[in-house]
Structures are given as structure tokens and as C-alpha cells.
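Numbering (the numbering used here), first residue to last: 13 to 480.
From the three backbone atoms N, C-alpha and C, an ideal C-beta is built for every residue, glycine too.
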């Protein structure tokens with residue numbers, strides 16, 4: 013993807029100036045989606061109807077009737093979304109052979125209504141259960157920065173396609189870090205919005221749809237399209253997302269929490285810690301009042317969270333017909349054994365523990381408008397692994413992300429730097445108060461602009477994408 017076309021805003025400008033057109037851009041995106049599927053296992057299905065949508069977009073631009081900033085912009089959506097006429101595996105062989113979806117999920121429908129062109133669905137681990145890209149249906153999903161390493165998860169293929177230049181924007185989902193973790197691994201920007209800000213079904217108190225992109229401005233553009241209520245989600249919020257426009261002067265006096273210790277989990281690797289502290293120092297230099305905090309969570313809190321999380325996975329697998337639940341990724345079966353042994357009382361006690369931990373997190377972060385934290389404690393780990401450490405629960409390394417799902421707070425990820433030896437991206441998380449998504453994105457945007465990293469994206473060449 014040419015640099016000037018690597019963002020939705022860049023494509024929009026090119027279309028308006030007649031320097032490019034949606035058909036040419038979508039043709040290239042389709043070619044690259046096929047390559048990303050073959051090379052990185054990043055694509056579950058290519059939507060061959062995309063060219064028809066691109067031609068309609070080109071006609072609108074020619075008539076001066078563009079639908080807005082996303083008209084003609086190619087997009088991928090995670091395999092977890094329903095897209096009419098396309099298969100949905102939810103990352104797992106458990107669902108192989110099921111009929112195609114008959115309707116679009118609400119965020120997908122809104123993207124189409126805004127003129128965005130769906131070119132492909134992207135791969136994910138089974139049932140969105142991992143912070144890595146290991147799937148019983150799709151195999152090992154690989155990071156284009158280094159194919160031996162993970163792209164993170166569970167919006168794994170979405171992160172790959174953005175980093176490789178297939179499309180400038182993507183839609184993922186996040187229940188414990190699933191857009192923020194791949195963003196960190198792949199050098200991207202992503203937002204898990206306030207719970208309910210993006211209507212999504214099946215409705216959930218902790219899982220949300222979330223935009224991913226190469227820059228924060230594109231996150232804002234997507235949020236202005238998909239960040240709205242829908243009757244199908246009883247917990248969706250009224251109103252619509254609107255981006256903020258303030259600058260660094262607004263940061264003066266802002267109370268910022270620096271979170272580098274959750275209370276349990278893996279220690280934060282020194283380079284990651286330095287990048288996160290550097291972001292906090294930048295805010296301090298603009299006049300923010302930065303104070304360190306700890307969430308005070310315990311191993312018992314994580315075990316309770318883990319029990320409830322895994323129960324959701326086993327319920328989905330067990331509901332599959334014809335014994336197909338046995339096709340669930342083996343490591344998830346092993347991970348789920350304590351769930352099958354737990355009594356109803358133990359399950360209720362675990363849920364109570366999670367609620368109490370959530371309330372402690374809310375109390376700890378309440379004094380702060382913004383919290384700056386790692387996305388994960390290490391920059392990367394092997395593609396074949398469920399997590400950075402063998403023998404522990406696969407989401408143990410998601411301690412910094414998972415609890416913002418429990419509290420319902422908005423949390424974004426941006427690229428804060430790169431490792432000194434391998435040059436792999438390092439993510440920084442920016443979280444905020446519920447309903448203040450626009451402020452979270454604005455702080456993320458200011459940090460992104462100040463860092464000005466100019467990443468050497470690992471995009472595929474024209475020849476690799478089938479265009480000599």
C-alpha cells in the first residue's frame with residue numbers, strides 16, 4: 013500500500029482529487045488479502061462481491077454524491093462478525109460446515125451503509141479465547157513483522173492485514189484485550205470502546221466491537237460510523253460517538269495514572285516499561301499531573317476471571333451439533349478442565365470474586381482522567397505459542413487489558429516504540445473514564461503525533477500481491 017493510501021483519510025483525499033478510485037484500490041486489496049491468507053493465515057474468506065461495491069462507490073464520487081469519509085475505503089472484519097452471505101467459523105473447527113450468515117452484524121451493516129467496502133473476513137483463534145493466533149480451523153496465524161512470531165489475538169488476522177497493508181481499517185472484537193493485543197504486536201492503533209458504545213450482538217457486558225487502524229485518526233473516523241446504539245443490543249448506549257478536537261493545552265492539569273503493576277501476572281519487560289514511562293513523561297511535559305498506581309489484584313482474582321472466561325468457551329463448543337465440540341483446540345480443552353469440575357457454588361463464588369475485583373479496579377482508577385499502561389508485559393512471543401510462558405493460563409499475560417473490559421472503560425492501544433534488537437513494535441495503552449472515548453482517542457492521537465515513529469511497515473510488495 014502506497015504511503016499516501018495507507019490511511020482511510022489518505023484514500024478519501026485521493027478519491028476526491030481523482031488521483032485514484034475505489035475500484036483500483038479494492039482490486040489491489042483483494043489481491044493482497046489472498047496473499048495475506050496464503051502467507052500468514054490471516055484471511056478466513058475473501059468477499060468477491062467487493063468489486064461491485066467498489067464500482068458503486070466510484071459512481072458516487074463521479075456524481076459528487078460520496079457518502080462520507082469511509083466511502084470506497086476497503087475494510088476487513090473479524091471472523092466473529094456475521095456478514096450476510098459469508099461463512100462464520102468464530103475461529104474454530106467446531107463451526108466448520110455451518111451455513112453462511114444471513115444478516116450483517118450491526119457494526120458491519122453501518123460500515124456498508126457508509127460506503128466502506130468489505131474485502132475479507134480475518135482469522136482468529138478458537139472462540140476468541142487466546143491472546144495469540146492459534147486456531148483449530150485456520151492453523152497458526154503469523155505476524156508480517158516476523159512470521160516466526162505471533163500477531164497477538166484474538167483479532168489476529170485483522171492485525172496482520174493492517175500491518176501488511178491489505179486495508180487501512182479493520183473491525184475486531186475485544187473481551188480481554190483482543191483488539192489492543194494485536195495492535196501492540198503489529199504496531200497499530202486500536203480502541204476497545206466504553207461497553208455499549210458500539211452496538212453488537214450477541215449482546216455482552218464485557219465483549220465489544222472495536223476499530224483497528226494504522227493511525228488514531230482512522231479509529232475516530234470508524235467510531236463516528238459504528239459508535240451508535242441498536243435495538244438488537246439491549247445494553248448499547250444511546251446517542252452516537254463524536255470525536256474531540258482539543259490539543260495539548262487540554263492536557264495541562266489532567267490527572268494521569270501510570271499503571272505498571274496490576275498485582276499479579278508477568279513482570280513488565282524493561283524495554284516495554286521504558287516505552288510506557290516515556291509516554292507518561294510526555295504527558296507530564298505537557299502539564300499533566302502523573303501519579304503511579306497499582307490495582308492490587310491477586311492471583312485469586314485472575315483464577316476467578318479465568319474460570320468464567322473458559323466457561324463461555326466450553327458452552328459454545330458443547331452447543332455444537334454432531335459432537336463437533338470435540339474439535340475445539342486441544343489446549344483449550346485442557347484449560348477448561350477446572351470448569352468441568354467446578355460446582356455451581358464455585359462458579360457463583362468466582363463470579364462474585366470478579367465483581368469485587370472489578371469494583372477495586374474502578375476505585376483505584378477513579379481519581380484519574382487517563383491511565384497509561386502497557387498493553388502486555390512483553391513485546392512478543394512465538395507464533396505457535398498460546399502465550400509468552402508455557403504452563404500458565406493463556407490469558408495470564410493479558411492482565412493489563414482484561415480488567416478494563418470488566419469495568420466497561422474505554423482503552424486504546426498505540427505503538428509507542430520498537431525493541432532495540434529485532435525492531436518489533438511495543439504498545440502503549442491509554443484508558444479513560446466510561447463514556448469518555450473521545451478523550452482517550454485524543455490523548456492517544458497527541459502521543460502518536462509526538463512520537464512520530466514513521467514505522468517501516470512490513471507490507472507486501474506489488475509483485476507479492478499479484479501486480480508486477
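Residue 64 classed as buried or exposed, judged by whether at least 16 other C-beta atoms fall within 10 angstroms
Within the chain shown, the letter at position 52 stands for residue 64. Exposed, since its Cβ has fewer than 16 Cβ neighbours within 10 Å.
Mind checking which residues open and close the beta strand (DSSP E) that includes residue 88?
In the chain shown, counting from the first residue as 1, residue 88 sits at position 76. 86-90 is the span of the beta strand (DSSP E), which, as asked, contains residue 88.
Within 10 angstroms of the Cβ of residue 74, are there 16 or more other Cβ atoms? Answer buried if so, exposed if not.
On the chain shown, residue 74 is found 62 positions in, with the first residue counted as 1. By the neighbour-count rule (16 or more Cβ atoms within 10 Å), residue 74 is not buried but exposed.
Is the Cβ-Cβ distance between residue 399 and residue 389 less than 8 Å?
For this step, residue 399 is matched to residue 387 along the chain shown. For this step, residue 389 is matched to residue 377 along the chain shown. By the CB criterion at 8 Å, residue 399 and residue 389 fall outside the cutoff.
Report the residue ranges of all alpha helix (DSSP H) runs contained in full by the segment 48-90; include only those spanning at least 4 residues, in chain order.
Assignment of alpha helix (DSSP H) within the segment 48-90, counting only whole runs of 4 or more residues, yields 62-74 in chain order.
Just the Cα atoms here: how many angstroms apart are residue 196 and residue 352?
The residue given as residue 196 occupies position 184 in the chain shown. The residue given as residue 352 occupies position 340 in the chain shown. Approximately 33 Å, taken between the alpha carbons.
Which whole runs of the beta strand (DSSP E) in the segment 412-445 are 3 residues long or more, in chain order?
Listed in chain order, the complete beta strand (DSSP E) runs (minimum 3 residues) inside the segment 412-445 are 423-430 and 437-444.
Inter-stretch contact (C-beta, 8 Å, three-pair minimum) for the segment 339-358 and the segment 115-124:
Touching, no.
Neighbour-count burial assignment, residue 364, 16 or more Cβ in a 10 Å radius
As a working note, residue 364 is residue 352 in the chain shown. The residue is exposed, with fewer than 16 neighbouring Cβ atoms inside 10 Å.
How long is the line joining the alpha carbons of residue 254 and residue 450, rounded to whole angstroms?
Here residue 254 refers to the residue found at position 242 of the chain shown. Here residue 450 refers to the residue found at position 438 of the chain shown. Taking the straight line from one Cα to the other gives about 7 Å.
Rank 456, 322 and 330 by C-alpha distance to the C-alpha of residue 346 and give the top, closest one.
For the purposes of this step, residue 346 is identified with residue 334 of the chain shown, where counting begins at 1. Residue 346 has its Cα closest to that of 322, out of 456, 322 and 330.
Consult DSSP for residue 209 and reduce its assignment to one of helix, strand or coil.
Counted from its first residue, the chain shown places residue 209 at position 197. Of the three classes helix, strand and coil, the one that applies to residue 209 here is coil, per DSSP.
Per DSSP, residue 204 is paired with what?
Here the question's residue 204 lines up with position 192 in the chain shown. Looking at the DSSP assignment, residue 204 forms a beta bridge with 423.
Going by DSSP, which residues form a beta bridge with residue 386?
If you number the chain shown from 1, residue 386 lands on position 374. Beta-bridge pairing links residue 386 to 440.
With DSSP run on the structure shown, which of helix, strand or coil describes residue 186?
Residue mapping note: residue 186 aligns to position 174 of the chain shown, counting from 1. For residue 186, the three-state secondary structure derived from DSSP is strand.
Kindly give me the distance between the Cβ atoms of residue 276 and residue 309, rounded to whole angstroms, as I take these residues to be in contact under 8 Å.
For this step, residue 276 is matched to residue 264 along the chain shown. For this step, residue 309 is matched to residue 297 along the chain shown. About 6 Å separates the Cβ atoms of residue 276 and residue 309, confirming a contact at the 8 Å cut-off.
Distance, Cα to Cα, residue 111 vs residue 460?
Reading the chain shown from its first residue, position 99 is the one you call residue 111. Reading the chain shown from its first residue, position 448 is the one you call residue 460. Cα to Cα, the separation comes out at about 42 Å.
Which of helix, strand or coil does DSSP assign to residue 331?
Counting from one through the chain shown, the residue named residue 331 turns up at place 319. In the three-state reduction of the DSSP assignment, residue 331 falls in the coil class, being assigned neither a helical nor a strand state.
DSSP three-state assignment for residue 261, whether helix, strand or coil
To locate residue 261, count along the chain shown from 1; it is residue 249. The answer is helix: DSSP assigns residue 261 an H, G or I state.
Among the residues of its own chain, which have a CB less than 8 Å from the CB of residue 124, if the five just before and after it don't count?
Counted from its first residue, the chain shown places residue 124 at position 112. By the criterion of a C-beta distance shorter than 8 Å, residue 124 is surrounded in its chain by 65, 116 and 130, once the five residues flanking it on both sides are discounted.
Between the CA atoms of residue 159 and residue 177 - distance to the nearest angstrom:
Against the chain shown, residue 177 aligns to sequence position 165. Against the chain shown, residue 159 aligns to sequence position 147. Approximately 15 Å, taken between the alpha carbons.
Given this structure, state the Cα-to-Cα distance separating residue 481 from residue 439, to the nearest angstrom.
Since the first and last residues shown for the chain are 13 and 480, residue 481 lies out of range.
Using DSSP with H/G/I as helix, E/B as strand and the rest coil, what is residue 162?
Here residue 162 refers to the residue found at position 150 when the chain shown is read from its first residue. Residue 162 sits in coil when the DSSP states are folded into three classes, being neither helix nor strand.
Should residue 211 and residue 149 be called a contact, given that it needs their Cβ atoms to be closer than 8 Å?
To locate residue 211, count along the chain shown from 1; it is residue 199. To locate residue 149, count along the chain shown from 1; it is residue 137. Not in contact: residue 211 and residue 149 (Cβ atoms no closer than 8 Å).
In chain order, what residues of the same chain have a beta carbon less than 6 Å from the beta carbon of residue 463, not counting five sequence neighbours either side?
What you label residue 463 is simply residue 451 of the chain shown in a count that begins at 1. There are no such residues.
Could you give the first and the last residue of the continuous alpha helix (DSSP H) run that contains residue 172?
Here residue 172 refers to the residue found at position 160 when the chain shown is read from its first residue. Counted as a single uninterrupted DSSP element, the alpha helix (DSSP H) harbouring residue 172 occupies residues 168-175.
Please name the residue or residues paired with residue 268 in a DSSP beta bridge.
Position 256 of the chain shown, counted from the start, is the residue given in the question as residue 268. Paired residues: 302 and 382.
Going by the beta-carbon positions, is the gap between residue 267 and residue 304 smaller than 8 Å?
For the purposes of this step, residue 267 is identified with residue 255 of the chain shown, where counting begins at 1. For the purposes of this step, residue 304 is identified with residue 292 of the chain shown, where counting begins at 1. Result no, Cβ atoms of residue 267 and residue 304 do not sit closer than 8 Å.
When the Cα atoms are used, what is the spatial distance from residue 476 to residue 199?
Your numbering for residue 476 matches position 464 in the chain shown. Your numbering for residue 199 matches position 187 in the chain shown. For residue 476, the predicted structure reports a pLDDT of 42, less than 50, and the residue's modelled location is therefore unreliable. A value from the coordinates is still provided. One C-alpha to the other measures close to 21 Å.
Which residue wins for smallest C-alpha separation from residue 179, given the options 221, 144, 292 and 132?
Taking the first residue of the chain shown as 1, we reach residue 179 at position 167. The option with the nearest alpha carbon to residue 179 is 132.
Helix, strand or coil at residue 470 according to DSSP, with G and I counted as helix:
The sequence position of residue 470 within the chain shown is 458, counting from 1. Residue state, collapsed to three classes: coil.
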